[in-house]
Amino acid sequence: MQPILVTGASGFAGSHLLDQLSAAGEEAVAWQRPGGLPCAARPGVTWEPMELLDRARVREAVRRLQPRIVYHCAGAAHVGMSWTTTEPTFAVNVRGTHYLVEALRESGAPARLLIPSSAQVYAASDEPLR
């Protein structure tokens with residue numbers, strides 16, 4: 003069976019997503035930045051170090067994995083810091099995402115891709131958003 007791929011798997015959203023996928027019995031490949039802190043083992047989860055800015059490695063890994071679903075949770079999420087660290091934020095959020103999308107397209111992987119965002123992309127609301 004083709005795995006689910008979670009980028010940024012050691013971050014806040016990615017780690018909670020892995021808990022849900024593991025509890026549901028899904029097989030997942032979890033990417034985290036090389037040299038990051040060791041992550042908790044979860045049933046059905048295989049950890050791989052991946053630098054999203056290494057286009058060739060991303061391409062090779064996607065070709066090898068042929069994921070059926072990709073949750074792209076990697077990126078620089080701190081809006082305030084993005085104004086002082088513009089280049090690294092742009093690099094991972096834009097180029098890293100581009101490399102992943104291109105690798106999926108080139109590999110022919112049948113993946114559905116979800117790129118989560120911040121609630122700041124929605125208009126203000128007093129009601130829950132669906």
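Here the sequence shown stands for residues 3 to 132, numbered as in the numbering used here. Glycine residues also receive a C-beta, built at the ideal position from the N, C-alpha and C atoms. Nothing here was measured: the structure is a model prediction, and the numbers come from that model.
Secondary structure of residue i, DSSP reduced to three states
| i | result |
| --- | --- |
| A63 | helix |
| R57 | helix |
Alpha-carbon to alpha-carbon, residue j and residue i
| i | j | result |
| --- | --- | --- |
| L116 | Y73 | 5 Å |
| T86 | G77 | 16 Å |
| W49 | E129 | 38 Å |
| G110 | W33 | 20 Å |
| S12 | A42 | 9 Å |
Identity of the residue in the options nearest residue i by Cα
| i | options | result |
| --- | --- | --- |
| G46 | P36, G38, A30, M52 | A30 |
| G27 | L19, G37, L102 | L19 |
| E108 | C75, V60, P118, G38 | V60 |
| G178 | M52, Q4, A43 | Lying outside 3 to 132, the shown extent of the chain, residue 178 is not represented and no answer is given. |
Residue range of the beta strand (DSSP E) that includes residue i
| i | result |
| --- | --- |
| L116 | 114-116 |
Integer Cβ distance of residue i from residue j, believed to fall under 8 Å
| i | j | result |
| --- | --- | --- |
| L23 | L54 | Not quite, the Cβ-Cβ distance comes to about 20 Å (not below 8 Å), so this is no contact. |
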